[in-house]
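Protein chains: 2
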Amino acid sequence: MERRQPRLKELSSELGLSITTVSRALAGYSDVSPATRERVREAAARSGYVPNRAGRALKSGQTGFVGLVVPVRDAQFIDAFLGEFVMGLGEALAEAGRDLALTTATRRQDELDVLAHVVNAGQVDGMVVSRTTCDDPRVRFLVDRGVPFVLHGRVLGESRPHVWLDTDGEAAFAEAARRLIALGHRRFGLVTFSDPMTFVHYRRAGLEAALRDAGLALAPEAVAAAPRGDREALAAAIARVLDMPASQRPTAILCMTDTLAIALMEAARERSIAVPADLSVIGFDNLPVSSFARPGLTTFDARIHECGVDVARMLLDVIANGPAAVEPRLVAADFIARDSHGPAPGGRGP
Amino acid sequence: MERRQPRLKELSSELGLSITTVSRALAGYSDVSPATRERVREAAARSGYVPNRAGRALKSGQTGFVGLVVPVRDAQFIDAFLGEFVMGLGEALAEAGRDLALTTATRRQDELDVLAHVVNAGQVDGMVVSRTTCDDPRVRFLVDRGVPFVLHGRVLGESRPHVWLDTDGEAAFAEAARRLIALGHRRFGLVTFSDPMTFVHYRRAGLEAALRDAGLALAPEAVAAAPRGDREALAAAIARVLDMPASQRPTAILCMTDTLAIALMEAARERSIAVPADLSVIGFDNLPVSSFARPGLTTFDARIHECGVDVARMLLDVIANGPAAVEPRLVAADFIARDSHGPAPGGRGP
DNA sequence: GCACTCTTCCAAAACGTTTCGGACGAATGC
DNA sequence: GCATTCGTCCGAAACGTTTTGGAAGAGTGC
Numbered sequence: 001m002e003r004r005q006p007r008l009k010e011l012s013s014e015l016g017l018s019i020t021t022v023s024r025a026l027a028g029y030s031d032v033s034p035a036t037r038e039r040v041r042e043a044a045a046r047s048g049y050v051p052n053r054a055g056r057a058l059k060s061g062q063t064g065f066v067g068l069v070v071p072v073r074d075a076q077f078i079d080a081f082l083g084e085f086v087m088g089l090g091e092a093l094a095e096a097g098r099d100l101a102l103t104t105a106t107r108r109q110d111e112l113d114v115l116a117h118v119v120n121a122g123q124v125d126g127m128v129v130s131r132t133t134c135d136d137p138r139v140r141f142l143v144d145r146g147v148p149f150v151l152h153g154r155v156l157g158e159s160r161p162h163v164w165l166d167t168d169g170e171a172a173f174a175e176a177a178r179r180l181i182a183l184g185h186r187r188f189g190l191v192t193f194s195d196p197m198t199f200v201h202y203r204r205a206g207l208e209a210a211l212r213d214a215g216l217a218l219a220p221e222a223v224a225a226a227p228r229g230d231r232e233a234l235a236a237a238i239a240r241v242l243d244m245p246a247s248q249r250p251t252a253i254l255c256m257t258d259t260l261a262i263a264l265m266e267a268a269r270e271r272s273i274a275v276p277a278d279l280s281v282i283g284f285d286n287l288p289v290s291s292f293a294r295p296g297l298t299t300f301d302a303r304i305h306e307c308g309v310d311v312a313r314m315l316l317d318v319i320a321n322g323p324a325a326v327e328p329r330l331v332a333a334d335f336i337a338r339d340s341h342g343p344a345p346g347g348r349g350p
Numbered sequence: 001m002e003r004r005q006p007r008l009k010e011l012s013s014e015l016g017l018s019i020t021t022v023s024r025a026l027a028g029y030s031d032v033s034p035a036t037r038e039r040v041r042e043a044a045a046r047s048g049y050v051p052n053r054a055g056r057a058l059k060s061g062q063t064g065f066v067g068l069v070v071p072v073r074d075a076q077f078i079d080a081f082l083g084e085f086v087m088g089l090g091e092a093l094a095e096a097g098r099d100l101a102l103t104t105a106t107r108r109q110d111e112l113d114v115l116a117h118v119v120n121a122g123q124v125d126g127m128v129v130s131r132t133t134c135d136d137p138r139v140r141f142l143v144d145r146g147v148p149f150v151l152h153g154r155v156l157g158e159s160r161p162h163v164w165l166d167t168d169g170e171a172a173f174a175e176a177a178r179r180l181i182a183l184g185h186r187r188f189g190l191v192t193f194s195d196p197m198t199f200v201h202y203r204r205a206g207l208e209a210a211l212r213d214a215g216l217a218l219a220p221e222a223v224a225a226a227p228r229g230d231r232e233a234l235a236a237a238i239a240r241v242l243d244m245p246a247s248q249r250p251t252a253i254l255c256m257t258d259t260l261a262i263a264l265m266e267a268a269r270e271r272s273i274a275v276p277a278d279l280s281v282i283g284f285d286n287l288p289v290s291s292f293a294r295p296g297l298t299t300f301d302a303r304i305h306e307c308g309v310d311v312a313r314m315l316l317d318v319i320a321n322g323p324a325a326v327e328p329r330l331v332a333a334d335f336i337a338r339d340s341h342g343p344a345p346g347g348r349g350p
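Line by line, the protein sequences are chains A and B. Residue 1 is where the first sequence starts when you use the UniProt record's numbering, and the numbers rise one by one after that. Residue 1 is where the second sequence starts when you use the UniProt record's numbering, and the numbers rise one by one after that.
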């Protein structure tokens, strides 16, 4: 068996034409006669000819790949939602005949090193950068190098033009706070990450702004912060908040992600703190898990699959037309009301 | 800015050496003096030289990519578990300096067409094939073409040598059945897919064999089958089983996946059929969702992340040494006892 | 009949790498 | 002192594609 894949050379000698003509016929150039073009196309289709990626990449500089570096932590998928995002990327790329080059950054390597390696090896036409930090070195590197890229998330310090798509977590957390305030809540808490991810910054800012508008404030001792993936630190931080005297304990806690919210609800259950009677909990992400949690978790849906599709389309646009041609996008998250939030205990609410 | 990435040519002229020598120094050949080798290595590291993938692929035939084609259905990630599998692949590939080329098969294209395109474009050194069907045309294609590949799953008809890793669903479902029989169950049901996936075949075979050994049988009317992703057909099929008179209705139902099991439990709740008092339910996959379902879902853990790691390692082995050098692997799934199964109603159990 | 354009085709170069087959001294064996 | 080997190094070819700069021939205008 093992029939070798035909190449331009085989195809051209079979047709009695030059390699040039076959190449230009398939590319649809006008300097090859319609009759020849048809003949070439037919032969290419019949023999199953597909242009070799490496050859094409070498000459044209376009590899057909778009890169994504995903970190591995705790040997488990970082946030169930990355899967959805990746599928969105893949779907939009498939429409453009491109593929996703997925590189895993293991613990031993810095994420920036891996990114630089991928870019320096010239294996991609552009990069998707997910999970940005406030001052992300990857963004500086990519801007410096002039590599097309799109951020999923934002950075704070970079003034040079770059393209991003982000969920408006600031507006979402402000909305959550206003809804809870309207339900009579006055003491708020937050379960968050201690890492400098940009979304952490914005969501917290949204919460604090809404509280300020209502003449309230987020007490520092009502904030539980832990590094991503560190279950023990998280449990300890949550314990510090939940073990406050009931008269000082927050009656409503916002959580950076659904995963954190579910951990919080488990911790509350262990302490016989009833959700939502004693404590309202709101998450973010709308993971599939969240609708099966008991009580069902109130959260925000960021339509992560659509974000993936949009980021890929924006990146294709940047690759074709440069970053100046593409507008950054801030997309709203939808409030998903379930059963984990309700009126404040004590009946001051409606 | 936009400093161009140095290439072998720049590096060699900077060092006053030939391209050949620089290339061979970096590759560690013995015909370059240790002193020169060090000098070259140092210069390469300093300038951030990384060999161009396209150039290398063109000459050596090795692209550094391993391919995976994932289907998109219902615009949502097919089974949460694929994400875990992909991360396992990526992790093991990263250790070998390779990357994953993820191609999405959209509805319009046949999965085989996409696979053939990827292979014919020479963009990968090998393929991972997931979700095999009993008589999978992809396997025939890859064996015909002599492309290195590893199946995640099995096929039934292919006699030519090929490498696979699969979860032993046959043993798992047999074990589940025996456990339920020991708990007094006599009437069994099955929620399954009507699609010809190989795992469907094996798991059902395991169930039926265990029943046969106990002098029991799986009644055809106790089997709910629907195409993957078709929620309505699934609901209708489940309804037909659950709406049987209680005296004939199965007291224990095995489900091909956790997703199906959760749909079954929801349908049972709507009909006030208590799980596990009236009905025992066992799933497969151990999705994160399953531990949050109420009652917690009894299931099997296939250690999907490890499967990804192992499949990638096997594929690297096949690429290096050919398929004959690699043994197929059947891995056991772990029984995860939670609260969705129990003694048969009527107290015949222990 | 001549200069010109238009259509259709092609040879050759280039992209960056690896590798084959040497070349050139210096050291070795006799 | 001569042939041989060894240690280093290099030129050139090749992988498959795209593109530049033509060439050859037919048709057109005068």
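Ideal placement from N, C-alpha and C gives every residue a C-beta, glycine not left out. Nothing here was measured: the structure is a model prediction, and the numbers come from that model.
Taking every protein chain shown into account, the CB of residue 69/A has 16 or more other CB atoms within 10 angstroms, so this residue is buried. Interface flag for residue 254/B against chain A is unset, since no Cβ pair is found closer than 8 Å. Excluding sequence positions up to five before and after residue 24/A, its CB lies within less than 8 Å of the CB of 31, 32, all in the same chain and listed in chain order. Between the alpha carbons of residue 102/B and residue 274/A lies a gap of roughly 45 Å. At a cut-off of 8 Å between beta carbons, residue 336/B makes no contact with chain A.
Not a single C-beta of chain A is nearer than 8 Å to the C-beta of residue 321/B. Per DSSP, reduced to three states, the secondary structure at residue 197/A is strand.
Boundaries around residue 265/A are those of the alpha helix (DSSP H), 258-270, since no beta strand (DSSP E) includes it.
Taking a contact as a CB-CB distance under 8 Å, the pair residue 137/A and residue 112/A counts as one, their CB atoms being some 5 Å apart.
Close partners of residue 102/B in chain A (Cβ separation under 8 Å): 86, 90, 99, 100, 101, 102.
Identification of chain B residues near residue 120/A by a Cβ-Cβ cut-off of 7 Å yields 5, 48, 50, ordered along the chain. According to the DSSP assignment, residue 312/B belongs to the alpha helix (DSSP H) that extends over 304-321. For the pair residue 171/B and residue 91/B, the Cα-to-Cα distance works out to about 29 Å. Using beta-carbon distances, residue 55/A counts as an interface residue toward chain B, with a partner under 8 Å. For residue 326/B, the three-state secondary structure derived from DSSP is coil. In the DSSP assignment, residue 125/A is bridged to no other residue.
Of the candidates 85/B, 99/B, 12/B, 9/B, 99/B places its Cα closest to the Cα of residue 316/B.
Inclusion of residue 251/A and residue 284/A in the CB contact set at 8 Å is not warranted, their separation being larger than that value. For residue 40/B, the closest C-alpha among the options 52/B, 8/B, 243/B is that of 8/B.
Using a Cβ-Cβ cut-off of 8 Å, residue 72/A counts as an interface residue toward chain B, since at least one Cβ of chain B sits closer than that to its own. Per DSSP, the beta-bridge partners of residue 255/B are 191/B. According to DSSP, residue 152/B shares a beta bridge with 130/B, 165/B. Within the same chain, Cβ atoms closer than 6 Å to the Cβ of residue 208/A are found at 218, the five residues on either side in sequence being excluded.
For the C-beta of residue 19/A, not a single chain B residue is nearer than 8 Å; the gap to the nearest is close to 15 Å. As DSSP reads the structure, residue 71/A sits in a beta bridge with 105/A.
For the options 154/B, 312/B, 72/B, the alpha carbon positioned closest to that of residue 133/B is the one of 154/B. Secondary-structure assignment with DSSP links residue 300/B through a beta bridge to 335/B. Contact of residue 262/A with chain B is assigned, a C-beta pair being separated by under 8 Å. The residues 323, 324, in chain order, have a CB closer than 7 Å to that of residue 161/B in the same chain once the five nearest residues on each side in sequence are set aside. Between residue 105/A and residue 143/A, the C-beta gap is not smaller than 8 Å, which leaves the two residues out of contact. Taking a cut-off of 8 Å for Cβ pairs, the region 281-301 of chain A and the region 326-346 of chain A touch, as three or more such pairs fall below it.
Closest by C-alpha distance to residue 276/B, out of 340/B, 118/B, 197/B, 120/B, is 340/B. In this structure, residue 183/A sits away from residue 345/A, with a CB-CB distance that is not shorter than 8 Å. Residue 65/A sits in a strand when the DSSP states are folded into three classes. For residue 273/B, the three-state secondary structure derived from DSSP is coil.
With the rule of 3 Cβ pairs closer than 8 Å, the region 51-58 of chain A counts as touching the region 52-67 of chain B.
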